[in-house]
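Taking it in order: structure first as structure tokens, then the write-up.
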Amino acid sequence: MANNLSGGFKAYLHRDLLIALRDRGDLSKPLMFFLLVAVMVPLAIAPEASKLSAIAPGLIWILALLATLLSIERLFSEDYADGSLEQLLISPNLLMMPILGKITAHWLVIGLPLTLLSPVIAIWFSLPISAMVPMMLSLALGTAVLSLIGAVGAALTLPRQGGVLLALLVMPLYMPVLIFGSATIQAAVDGLNWLAPLAMLAALLAVAIVLCPLAISAGLRIAKNG
Amino acid sequence: MNFNLQWTWFHRLGSPRWFYQKTQRWLPWLAIATLALLVTGLVWGLAFAPPDAKQGNSFRIIYLHVPASVVALAGYYIMAISGAVGLIWRIKLSFMLMRSAAPIGAALTFIALVTGAIWGKPTWGAYWVWDARITSMLILLFLYFGVIALRHTYSNNEAADKAGAVLSLVGMVNVPIIYKSVDWWQTLHQPATIKFTGAPSMHPDMFAPLVVMIIGFYSFYSLALILFARAEILRREYRASWVRQLVTNQPAEK
Amino acid sequence: MYFDSLQQLMSMNGHGIYVWSSFAISAVVMIGLIVKPLRQKQAAMKNIELQIKLQASKQAAKQTEVADAPHS
Amino acid sequence: MPTAFSAVFWHNTVLIFLGSNSPLTTHTVLKVESLAFERNDAVLFQPVDFELKAGEALQILGVNGSGKTTLFQLLTAILPSSSGQISYCGQPLSDCRYEYLSDVLFIGHQSGVKAALTVEENLRWMSPNNTSCEKISAALEAVGLSEYAQIHCANLSAGQKRRVALARLMTAQAKLWLLDEPLTSLDKQGVELVERCMCQHLTQGGAILFSSHQDLAQVTTRNYKLEPVVEVA
Numbered sequence: 083m084a085n086n087l088s089g090g091f092k093a094y095l096h097r098d099l100l101i102a103l104r105d106r107g108d109l110s111k112p113l114m115f116f117l118l119v120a121v122m123v124p125l126a127i128a129p130e131a132s133k134l135s136a137i138a139p140g141l142i143w144i145l146a147l148l149a150t151l152l153s154i155e156r157l158f159s160e161d162y163a164d165g166s167l168e169q170l171l172i173s174p175n176l177l178m179m180p181i182l183g184k185i186t187a188h189w190l191v192i193g194l195p196l197t198l199l200s201p202v203i204a205i206w207f208s209l210p211i212s213a214m215v216p217m218m219l220s221l222a223l224g225t226a227v228l229s230l231i232g233a234v235g236a237a238l239t240l241p242r243q244g245g246v247l248l249a250l251l252v253m254p255l256y257m258p259v260l261i262f263g264s265a266t267i268q269a270a271v272d273g274l275n276w277l278a279p280l281a282m283l284a285a286l287l288a289v290a291i292v293l294c295p296l297a298i299s300a301g302l303r304i305a306k307n308g
Numbered sequence: 003m004n005f006n007l008q009w010t011w012f013h014r015l016g017s018p019r020w021f022y023q024k025t026q027r028w029l030p031w032l033a034i035a036t037l038a039l040l041v042t043g044l045v046w047g048l049a050f051a052p053p054d055a056k057q058g059n060s061f062r063i064i065y066l067h068v069p070a071s072v073v074a075l076a077g078y079y080i081m082a083i084s085g086a087v088g089l090i091w092r093i094k095l096s097f098m099l100m101r102s103a104a105p106i107g108a109a110l111t112f113i114a115l116v117t118g119a120i121w122g123k124p125t126w127g128a129y130w131v132w133d134a135r136i137t138s139m140l141i142l143l144f145l146y147f148g149v150i151a152l153r154h155t156y157s158n159n160e161a162a163d164k165a166g167a168v169l170s171l172v173g174m175v176n177v178p179i180i181y182k183s184v185d186w187w188q189t190l191h192q193p194a195t196i197k198f199t200g201a202p203s204m205h206p207d208m209f210a211p212l213v214v215m216i217i218g219f220y221s222f223y224s225l226a227l228i229l230f231a232r233a234e235i236l237r238r239e240y241r242a243s244w245v246r247q248l249v250t251n252q253p254a255e256k
Numbered sequence: 058m059y060f061d062s063l064q065q066l067m068s069m070n071g072h073g074i075y076v077w078s079s080f081a082i083s084a085v086v087m088i089g090l091i092v093k094p095l096r097q098k099q100a101a102m103k104n105i106e107l108q109i110k111l112q113a114s115k116q117a118a119k120q121t122e123v124a125d126a127p128h129s
Numbered sequence: 123m124p125t126a127f128s129a130v131f132w133h134n135t136v137l138i139f140l141g142s143n144s145p146l147t148t149h150t151v152l153k154v155e156s157l158a159f160e161r162n163d164a165v166l167f168q169p170v171d172f173e174l175k176a177g178e179a180l181q182i183l184g185v186n187g188s189g190k191t192t193l194f195q196l197l198t199a200i201l202p203s204s205s206g207q208i209s210y211c212g213q214p215l216s217d218c219r220y221e222y223l224s225d226v227l228f229i230g231h232q233s234g235v236k237a238a239l240t241v242e243e244n245l246r247w248m249s250p251n252n253t254s255c256e257k258i259s260a261a262l263e264a265v266g267l268s269e270y271a272q273i274h275c276a277n278l279s280a281g282q283k284r285r286v287a288l289a290r291l292m293t294a295q296a297k298l299w300l301l302d303e304p305l306t307s308l309d310k311q312g313v314e315l316v317e318r319c320m321c322q323h324l325t326q327g328g329a330i331l332f333s334s335h336q337d338l339a340q341v342t343t344r345n346y347k348l349e350p351v352v353e354v355a
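Protein chains in written order, with the working numbering: chain A, 83 to 308; chain B, 3 to 256; chain C, 58 to 129; chain D, 123 to 355.
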């Protein structure tokens, strides 16, 4: 008699997507942030195409990282506040599937739109067209890893909502993703073989999918009695 | 998962009282050993070892930089493992050891970073060089700050300990990934820089003081860890009768 | 000894400033790592003494209450 | 395996023969032995011991802050207990965690209602998968929220959100109910409704463990006083 709460992956994916699509405002903030900061770069640094395309790979990735970080905090905080996290913890099944469901919903709502929006910024930074596909591939894989690792930080800092602490916890863990992500775009821009860093990103994603839910379920149980 | 082991020695090991009394006797010897090791290592390294052919005398900073970074990295693993032991067997003492290991590790990482930066000036002409070793050390410092800062999210000690243990375990998994990816990143951008820790290829009597210094730093780490842990035990076990009795009949004790 | 005079040891032909400054900073941090826990232990001891006195005075107050309660 | 069965059978017949008062039919649903919990290195309440049989309702009494909510979190296996043992139908919790949690309905202080979902979606989410639509609408009817079915819970009052949570009592199929102060912020009519559900659940052989400051005469079989450890410091 496993009730709906332990329905697992599909149930939580469906529910979180429904909730995210219901309040559209919440959805667009990280995307607006992504575009807005991209506009600031040429104003702050230099409009010349040569200068911009030199820093474009790293910059696109830093913007994607910050946009994900901005939105990851609300992954568990609403459930923690209204008590549905308590009901989730009581469900007999392992926490892994519901957690993966919620993170996939978060990725579909934040990560995927970022990836689809990134060509706009690539054009703003006069990135060569050949680098467009590798950039979107690296962002698609990378934002998933960012959501997974960010969810670990969100679960551990649940009792006290402070953006800075979450960033401090999660930033060091984001470094490898940032390195391989921007290296993929840089390799594509230089015409080198960009599959190698992309493969590393996929490996990081595989490791994150397996290990992060363990840390997150432990973090959620700890937060409940924090 | 209250997976409680009946191995008596294992549980006796876990009782804060046994730890407090045992370390009471070890402390003086450990302090003397640490002092002796550090003094001999430093005097030997700074005064007697020959200077490096290329770098001249500024290479002597290696006797502080390398031991600090080695012990700082090992300290992170010690912290994560004692956190894991606390999580699995729910031994409060190992949580206390984890909590004490964090500030010591952060301080040693800070020493490694400062000495590395100062060393960079004479050799490369700039205080900060994005060398792979130094960059990874900087990320390790932020990992330490994360574990220390996490304490304040939780009101009760048990939850704070468990959260710290989970975070340091996540960090432990990530430390090798970070070090390897920073190395890979380094080959991408600056292939031809000298490697900092070219220890084995050094001249024997340059290398000998380094070994003495590394052992000295390890014993310093254990000395500081025991001191921090004892303070932590008194702070958290103040209700226990043995603590009250300890305080009443030796108020004058240092 | 590699250096033949104390003055040379100090200057280490130009690199002395770097070596000795990093030595000084490390020494300060390491001494801090020893002094801080000792001071924390002191504070914990004082705190416990305070509590013991507090408890003793509370018990004493309770005894006096119990003692004169039956008379009134 | 057969020998063990006959031993149990033989044991019961001896019991009946000796006329022991534990009726053969009801078995202990929940048994708690010297349960203790430490928070901030201090023991929260005196070791807890009680037994809950099928068809019984046990009320937990205790002043505010005596650890009632913590006790419920221990019983729902959210918190690991520092010492003591909880067993469900004779088996320790660590062995039968799946069966135990499938059979438990817990309603705490928080209603667990998602603001962005409608009342009906929330109730469907919190009820077992195979609950029919009629049962959902009947439950909403009983708590007086049937005309709010399609309204988002964001614009509902706290009392109404509480009723959505309590509507779960009618759709639940769990045997063991753990209710942490179900009657708070409920009007008279709401209290009667909860009492009716609890009585009906008891007659169907379910067990209830609840904490409340009001005493529900016709429901409670026994109550258990939770003594907090008085902290002198």
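The beta carbon of each residue, even a glycine, is placed where N, CA and C say it ideally should be.
| Query | Result |
| --- | --- |
| Taking Cβ-Cβ distances shorter than 8 Å, what residues in chain D pair up with B:R238? | D163 |
| Please classify B:L142 as buried or exposed, where buried requires at least 16 neighbouring CB atoms within 10 angstroms. | buried |
| Checking the sheet assignment: what are the DSSP bridge partners for C:S79? | Its beta-bridge partners do not exist; DSSP assigns none. |
| On the three-state DSSP scale, how would you describe A:K92? | helix |
| Going by beta-carbon coordinates alone, are D:P169 and D:G206 separated by less than 8 Å? | yes |
| Could you check which residue in D:T192, D:D337, D:A276, D:Q213 has the C-alpha nearest to that of D:K153? | D:Q213 |
| Do D:L300 and D:T192 have their beta-carbon atoms positioned less than 8 Å apart in this structure? | no |
| When the Cα atoms are used, what is the spatial distance from B:L171 to B:W126? | 36 Å |
| State the Cα-Cα distance for the pair D:G189 and D:S209, rounded to the nearest angstrom. | 20 Å |
| Starting from the beta carbon of D:L239, find every residue of chain A whose beta carbon is closer than 9 Å, and list them in chain order. | R97, L100, I101, R104 |
| What ranges does the beta strand (DSSP E) occupy inside the stretch 210-236 of chain D, keeping only unbroken runs of at least 3 residues that lie completely in it? | 226-229 |
| Might you give, ordered along the chain, the residues of its own chain that have their beta carbon closer than 7 Å to the beta carbon of D:L196, omitting 5 neighbours on each side? | L157, F159, S203 |
| Does D:S128 come within less than 8 Å of chain B when only Cβ atoms are used? | Here D:S128 scores only 41 on pLDDT, less than 50, and its place in the model should not be relied on; the value that follows carries that caveat. Closer than 8 Å: no. |
| If you measure between the beta carbons of B:M139 and B:S183, is that distance less than 8 Å? | no |
| Can you check the stretch 126-208 of chain A for any alpha helix (DSSP H) of at least 4 residues that lies completely inside it and give the ranges in chain order? | 131-154, 156-164, 166-172, 178-188, 194-206 |
| I'd like to know whether the C-beta atoms of B:V177 and B:G166 end up nearer to each other than 8 Å. | no |
| Kindly list the residues whose CB is nearer than 6 Å to the CB of A:A301, restricted to its own chain and excluding five residues on each side of it in sequence; keep chain order. | Checking the sequence shown, residue 301 of chain A turns out to be Gly, not Ala. Only A237, L238 meet the Cβ criterion. |
| What residues from chain A crowd round D:Y220, counting only those whose CB sits closer than 7 Å? | P174 |
| Taking the CB atoms as reference points, tell me whether D:L227 and D:R290 lie closer together than 8 Å. | yes |
| Using a beta-carbon distance cut-off of less than 9 Å, what residues from the stretch 69-99 of chain B approach chain C? | A70 |
| Look at A:L171 and D:I200 and say whether their C-beta atoms are less than 8 Å apart. | yes |
| So what does DSSP say about D:L166, is it helix, strand or coil? | coil |
| What are the start and end residues of the alpha helix (DSSP H) that includes B:A161? | 159-191 |
| Does any residue of chain C have a CB that is nearer than 8 Å to the CB of B:S17? | no |
| Taking the beta strand (DSSP E) that D:F332 falls in, what are its first and last residues? | 329-333 |
| Name, in chain order, the residues that DSSP records as bridge partners for D:V154. | D:F172, D:I208 |
| Closest to B:T111 by CA distance: which of B:S243, B:G43, B:Y223 is it? | B:Y223 |
| Quick one, which of C:A124, C:I105, C:Q112, C:A84 has its alpha-carbon nearest B:R63's? | Going by the sequence as given, residue 63 of chain B is Ile instead of Arg. Comparing Cα positions, the closest option is C:A84. |
| Please work out which residues of its chain come closer than 6 Å, Cβ to Cβ, to A:L99, disregarding the five sequence neighbours upstream and downstream, and give them in chain order. | A187 |
| Between A:T150 and A:S264, is the Cβ-Cβ spacing less than 8 Å? | no |
| Quick one, which of B:W244, B:L229, B:E239, B:L248 has its alpha-carbon nearest C:Q97's? | B:L229 |
| Helix, strand or coil for D:D337, going by three-state DSSP, please let me know. | coil |
| How would you list, in chain order, the residues of chain B whose beta-carbon sits under 8 Å from the beta-carbon of D:E421? | In the structure displayed, chain D extends from 123 to 355; residue 421 of chain D sits before or after that span and is not available. |
| DSSP puts D:Q181 in a beta bridge; with which residues? | D:F332, D:N345 |
| Contact defined as beta carbons within less than 8 Å: I believe D:L180 pairs with D:F167. What is the distance between those atoms, to the nearest angstrom? | Not a contact, Cβ separation roughly 16 Å. |
| At least one CB of chain B closer than 8 Å to the CB of A:I181: is that the case? | no |
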